[in-house]
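*Asks:* Taking this note's numbering, the leading residue of the sequence shown gets 45, the next gets one more, and so forth. Sharing a structure with you now.
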Amino acid sequence: MFRAIVLALLALVAVAGCAAPTQEPLRVGTEGVYAPFSFHDGHTGELTGYDVDVARAVGEKLGRPVEFVEIPWDAIFAGLDAERFDVVANQVTITPARKAKYDISTPYAVGEGVIVTRADDNSIHSLSDVRGKVAAENATSNWSQIARDAGARVEAVEGFTQSITLLSQGRVDVVINDSIAVYAYLASTGDPAVKIAGATGQRSEQGFAARKNSGLLPDLDKALDQLAADGTLTRISQKYLKTDASGTTKPQAGKEDSGSTRSDTQLVLDNLWPMARAMLTVTLPLTAISFVIGLVIALGVALARMSGHRVVTGLARIYISVIRGTPLLLQLFLIFFALPEFGVKISPFPAAVIAFSLNVGGYAAEIIRSSILSIPRGQWEAASSLGMSYSTTLWRIVIPQASRVAVPPPVEHLDLPGEGHLAGLGDPGDGRDAYGTGRRRADLSVLHALRHRRRLLLDCLHGDVGGAGPAGAASGEIRRALTLQRRHAVFRSKRREPRAEHGVSAASRRCSPEARQARAV
Numbered sequence: 045m046f047r048a049i050v051l052a053l054l055a056l057v058a059v060a061g062c063a064a065p066t067q068e069p070l071r072v073g074t075e076g077v078y079a080p081f082s083f084h085d086g087h088t089g090e091l092t093g094y095d096v097d098v099a100r101a102v103g104e105k106l107g108r109p110v111e112f113v114e115i116p117w118d119a120i121f122a123g124l125d126a127e128r129f130d131v132v133a134n135q136v137t138i139t140p141a142r143k144a145k146y147d148i149s150t151p152y153a154v155g156e157g158v159i160v161t162r163a164d165d166n167s168i169h170s171l172s173d174v175r176g177k178v179a180a181e182n183a184t185s186n187w188s189q190i191a192r193d194a195g196a197r198v199e200a201v202e203g204f205t206q207s208i209t210l211l212s213q214g215r216v217d218v219v220i221n222d223s224i225a226v227y228a229y230l231a232s233t234g235d236p237a238v239k240i241a242g243a244t245g246q247r248s249e250q251g252f253a254a255r256k257n258s259g260l261l262p263d264l265d266k267a268l269d270q271l272a273a274d275g276t277l278t279r280i281s282q283k284y285l286k287t288d289a290s291g292t293t294k295p296q297a298g299k300e301d302s303g304s305t306r307s308d309t310q311l312v313l314d315n316l317w318p319m320a321r322a323m324l325t326v327t328l329p330l331t332a333i334s335f336v337i338g339l340v341i342a343l344g345v346a347l348a349r350m351s352g353h354r355v356v357t358g359l360a361r362i363y364i365s366v367i368r369g370t371p372l373l374l375q376l377f378l379i380f381f382a383l384p385e386f387g388v389k390i391s392p393f394p395a396a397v398i399a400f401s402l403n404v405g406g407y408a409a410e411i412i413r414s415s416i417l418s419i420p421r422g423q424w425e426a427a428s429s430l431g432m433s434y435s436t437t438l439w440r441i442v443i444p445q446a447s448r449v450a451v452p453p454p455v456e457h458l459d460l461p462g463e464g465h466l467a468g469l470g471d472p473g474d475g476r477d478a479y480g481t482g483r484r485r486a487d488l489s490v491l492h493a494l495r496h497r498r499r500l501l502l503d504c505l506h507g508d509v510g511g512a513g514p515a516g517a518a519s520g521e522i523r524r525a526l527t528l529q530r531r532h533a534v535f536r537s538k539r540r541e542p543r544a545e546h547g548v549s550a551a552s553r554r555c556s557p558e559a560r561q562a563r564a565v
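Structure follows, in structure tokens:
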């Protein structure tokens, strides 16, 4: 009896093992950060999105469980080649180059080029209406080439979000992009400030990518055809995009895939001259203007830092701390994008000049201040004894010397990347190098000023200059100038000699009995 029970249990286990599914899981590579196609739900943390739901539906049709492998887009095809997963589901645009290297399924998402304008703009309905307008496009995208061919002036941006922001702020007139990206933006934001005004006729198709000759392509195509036939793709598209982007309609004849019109080499060649022209007409003028204005601002801020007024000094300190404590990119963003939110709209070139000038002023202010402080205090006192005012001393004596010390550091650290941004200006340091250079040149300018003053007074004494004062006053001026010159000569002689200690000169120390005894030993 016991043997019969054991045999029955073994038979049940064998039957259960035969009935278990033998299908391996379908491993799908995706980003997981590309909403609304592949992202994590903010409430549950579950991976979801248009591409994710389509991949799960395909797995159900194939009878295989789906396992998702999250990987950055830059490494997604390398992961596919390394067999980390079987399929890529991440809005892979179908191009001839990808078809030659991978097995590409039939499209499960189809978009077309659309023309996006502001909601209150009724002047654009088709591609022919774009001529003479300003379009915001990625400089290397096919949409920018379509805009140029249509006669639009293209403002280069990094991505679609910046394009829509510029359009909403009224800085550009039109944006041409893929309808899927536009639908995704409208579905996630519900922005009422923009609308789709027309279509360009250019199509883009997205499908799954698998390794070449992996054997998955027939099954993927069959499953996608079934999902398109039963309306599953349409329902998923409506869920995430609020429109039907499933690609159930056939492509129009004669319309090329927007992702396959130009190769990478052609993109570089097409944009080489526009970028060189932009460097000559925008980058270099922008740099020169911003640098000059920035030095003027820096001089004013440096003088404010040296002011005896607490409020003025405090404001200068705050300005320097804010400018040097925030990235240049943030300063550009605030001036160009944040100010329009308060009704202040500035064109791109003036906005860049303002941002770069303020940045140069914040960094160069400390350089100029340390250079001014490197001028010996004795020069100020000598100029004051000659009757010069503070401003005259500053502009005639101090600034000419300080400029020779202050200008090289910021010029040496001036950087010009290809896009025309000033990457930064050098650290001014503590001014000790500037002090040493200024001290070596200190006596020259004062000596010239004294000689010039003496020559003028002698001319007045002999009546060579009209309007001279009485001879007695002139003689007093001469005596004072000669006294200052003698003091300056004494000052220079003391600088050359070693400093005496306790009233004993260096020569006396060398000739002292102790010194002679030490040398004898």
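Cβ atoms here follow ideal geometry from the backbone N, Cα and C, with glycine treated the same way. These numbers were taken from a predicted model, which means no experiment stands behind them.
Could you tell me the distance, in whole angstroms, from the CA atom of Gly473 to the CA atom of Arg421?
*Replies:* Against the sequence shown, residue 473 aligns to sequence position 429. Against the sequence shown, residue 421 aligns to sequence position 377. With a pLDDT of 36 at Gly473, under the threshold of 50, the predicted position of this residue should be treated as unreliable, and no value is reported.
*Asks:* Which one of Ile398, Phe335, Ile337 and Ser365 has the shortest CA to CA distance from Arg349?
*Replies:* Stepping through the sequence shown from its first residue, residue 349 is reached at position 305. Ranking the options by Cα distance to Arg349, first place goes to Ser365.
*Asks:* Would Ser82 and Val96 be called neighbours here (beta carbons separated by less than 7 Å)?
*Replies:* Sequence index remark: in the sequence shown, residue 82 carries index 38 (1-based). Sequence index remark: in the sequence shown, residue 96 carries index 52 (1-based). Taking 7 Å as the Cβ cut-off, Ser82 and Val96 qualify as a contacting pair.
*Asks:* Can you tell me where the beta strand (DSSP E) with Phe129 in it begins and where it stops?
*Replies:* On the sequence shown, position 85 is the one that residue 129 refers to. That residue, Phe129, is in no beta strand (DSSP E); it is neither H nor E in DSSP.
*Asks:* Classify Ala382: buried if its beta carbon has 16 or more other beta carbons within 10 angstroms, exposed otherwise.
*Replies:* Counting from one through the sequence shown, the residue named residue 382 turns up at place 338. Burial call: exposed.
*Asks:* Put Thr244 into one of helix, strand or coil per three-state DSSP.
*Replies:* What you label residue 244 is simply residue 200 of the sequence shown in a count that begins at 1. In the structure shown, Thr244 sits in a strand (DSSP, three-state: E or B).
*Asks:* How long is the line joining the alpha carbons of Arg346 and Ala360, rounded to whole angstroms?
*Replies:* Counting from one through the sequence shown, the residue named residue 346 turns up at place 302. Counting from one through the sequence shown, the residue named residue 360 turns up at place 316. In the sequence on display, residue 346 carries Ala and not Arg. Answer to the nearest angstrom: the Cα atoms are 8 Å apart.
*Asks:* Please say whether Ala395 and Ile416 have beta carbons closer to each other than 7 Å?
*Replies:* Reading the sequence shown from its first residue, position 372 is the one you call residue 416. Reading the sequence shown from its first residue, position 351 is the one you call residue 395. Not a contact, by the Cβ cut-off of 7 Å.
*Asks:* If distances are taken between C-alpha atoms only, which option among Val219, Ala183 and Phe335 comes closest to Ile168?
*Replies:* Indexing the sequence shown from 1 puts residue 168 at position 124. Nearest C-alpha to Ile168: Val219.
*Asks:* Would you please state the rounded distance, in angstroms, between the beta carbons of Val404 and Leu330? I believe it to be under 8 Å.
*Replies:* Translated into positions along the sequence shown, residue 404 becomes position 360. Translated into positions along the sequence shown, residue 330 becomes position 286. Incorrect: roughly 12 Å between the Cβ atoms, too far for contact.
*Asks:* If distances are taken between C-alpha atoms only, which option among Ser414, Asp130 and Val201 comes closest to Pro69?
*Replies:* Working through the sequence shown from its first residue, we reach residue 69 at position 25. Among Ser414, Asp130 and Val201, the Cα nearest to that of Pro69 belongs to Asp130.
*Asks:* Start and end of the beta strand (DSSP E) containing Phe566?
*Replies:* Residue 566 is absent from the structure shown; the chain starts at 45 and stops at 565.
*Asks:* At what residues does the beta strand (DSSP E) containing Val77 begin and finish?
*Replies:* Here residue 77 corresponds to residue number 33 of the sequence shown, with the count starting at 1. If you look at Val77, you'll find it isn't in any beta strand (DSSP E); DSSP assigns it neither H nor E.
*Asks:* Look at the alpha carbon of Gly406 and the alpha carbon of Ile333, and state the distance between them as a whole number of angstroms.
*Replies:* If you number the sequence shown from 1, residue 406 lands on position 362. If you number the sequence shown from 1, residue 333 lands on position 289. The straight-line gap from Cα to Cα measures roughly 16 Å.
*Asks:* Where does Ala395 sit, in a helix, a strand or coil, going by DSSP?
*Replies:* Locating residue 395 in the sequence shown gives position 351, where the first residue counts as 1. Here Ala395 sits in helix by DSSP.
*Asks:* Of all the options Thr137, Gln246, Ala446 and Arg354, which has the alpha carbon lying nearest to the alpha carbon of Gln189?
*Replies:* Along the sequence shown, read from residue 1 onward, the residue named residue 189 stands at position 145. Closest option to Gln189, Cα to Cα, is Gln246.
*Asks:* Quick check on the burial criterion: 16 or more other C-beta atoms within 10 angstroms. Buried or exposed for Pro371?
*Replies:* Start at 1 with the first residue of the sequence shown, and residue 371 comes out as number 327. It is exposed - the Cβ of Pro371 has fewer than 16 other Cβ atoms within 10 Å.
*Asks:* Mapping the DSSP letters down to three states, classify Ser82 as helix, strand or coil.
*Replies:* Residue numbering aside, residue 82 sits at position 38 when the sequence shown is read from its first letter. If DSSP states are grouped into helix, strand and coil, Ser82 belongs with the strands.
*Asks:* What is the DSSP secondary structure of Asp235, counted as helix, strand or coil?
*Replies:* What you label residue 235 is simply residue 191 of the sequence shown in a count that begins at 1. Residue state for Asp235 is assigned as coil, using DSSP reduced to three classes.
*Asks:* Exposed or buried, Glu385, counting other C-beta atoms within 10 Å across all chains shown (16 or more means buried)?
*Replies:* Within the sequence shown, the letter at position 341 stands for residue 385. The residue is exposed, with fewer than 16 neighbouring Cβ atoms inside 10 Å.
*Asks:* Put Ile367 into one of helix, strand or coil per three-state DSSP.
*Replies:* On the sequence shown, residue 367 is found 323 positions in, with the first residue counted as 1. In the three-state DSSP reduction, Ile367 falls in the helix class (H, G or I).
*Asks:* Secondary structure at Asp265, three-state DSSP: helix, strand or coil?
*Replies:* In the sequence shown, counting from the first residue as 1, residue 265 sits at position 221. Note: Asp265 maps to helix in three-state DSSP.
*Asks:* Would you kindly check if the distance between the Cβ of Thr139 and the Cβ of Phe112 is under 7 Å?
*Replies:* Against the sequence shown, residue 112 aligns to sequence position 68. Against the sequence shown, residue 139 aligns to sequence position 95. No, the pair does not count as a contact, with Cβ atoms beyond the cut-off.
*Asks:* DSSP three-state call for Leu70: helix, strand or coil?
*Replies:* If you number the sequence shown from 1, residue 70 lands on position 26. Strand at Leu70.
*Asks:* Do Ser401 and Ile337 have their C-beta atoms closer together than 7 Å?
*Replies:* Along the sequence shown, one-based indexing puts residue 401 at 357. Along the sequence shown, one-based indexing puts residue 337 at 293. Less than 7 Å separates the beta-carbon of Ser401 from that of Ile337.
*Asks:* With distance defined between alpha-carbon atoms, name the residue in Val198, Val160, Phe252 and Leu171 nearest to Val178.
*Replies:* In the sequence shown, the residue the question calls residue 178 occupies position 134. Of Val198, Val160, Phe252 and Leu171, the residue nearest in Cα terms is Val198.
*Asks:* Rounded to the nearest angstrom, what separates His566 and Gly76 at their Cα positions?
*Replies:* Limits of the chain in this structure are 45 at one end and 565 at the other, which puts residue 566 out of reach.
*Asks:* Check whether the region 233 to 240 touches the region 153 to 171, taking contact to mean three or more Cβ pairs, one atom from each stretch, closer than 8 Å.
*Replies:* yes
*Asks:* I'd like to know whether the C-beta atoms of Ala289 and Ala153 end up nearer to each other than 7 Å.
*Replies:* As a working note, residue 289 is residue 245 in the sequence shown. As a working note, residue 153 is residue 109 in the sequence shown. A contact, by the Cβ cut-off of 7 Å.
*Asks:* Can you confirm whether the region 427 to 435 touches the region 318 to 327 when touching is taken to mean that 3 or more C-beta pairs between the two stretches lie within less than 8 Å?
*Replies:* no
*Asks:* What is the rounded straight-line gap between the Cα of Ile280 and the Cα of Tyr94?
*Replies:* Locating residue 280 in the sequence shown gives position 236, counting from the first residue. Locating residue 94 in the sequence shown gives position 50, counting from the first residue. Going from the Cα of Ile280 to the Cα of Tyr94 covers about 6 Å.
*Asks:* Could you check the C-alpha separation between Ala243 and Trp187 for me, to the nearest Å?
*Replies:* Mapped onto the sequence shown, residue 243 falls at position 199. Mapped onto the sequence shown, residue 187 falls at position 143. Answer to the nearest angstrom: the Cα atoms are 12 Å apart.
*Asks:* Give, in chain order, every unbroken run of the alpha helix (DSSP H) that is at least 4 residues long and sits entirely within the region 189 to 225.
*Replies:* Contiguous alpha helix (DSSP H) elements confined to the region 189 to 225 occur at 204 to 212, taking only those with 4 or more residues.
*Asks:* Determine, using beta carbons only, whether Ala427 and Ile412 come nearer to each other than 7 Å.
*Replies:* On the sequence shown, residue 427 is found 383 positions in, with the first residue counted as 1. On the sequence shown, residue 412 is found 368 positions in, with the first residue counted as 1. No, these two residues do not count as a Cβ contact at 7 Å.
*Asks:* Would Ala180 pass as a contact of Ser212 if the rule is Cβ separation under 7 Å?
*Replies:* Counted from its first residue, the sequence shown places residue 180 at position 136. Counted from its first residue, the sequence shown places residue 212 at position 168. No; because the gap between Cβ atoms is not below 7 Å, this pair is not in contact.
*Asks:* Leaving out five residues before and five after Ala399 in sequence, what residues of the same chain have Cβ atoms less than 6 Å from its Cβ?
*Replies:* Mapped onto the sequence shown, residue 399 falls at position 355. Counting only Cβ-Cβ distances below 6 Å, and skipping sequence neighbours, we find Gln375, Leu376 and Ile379.
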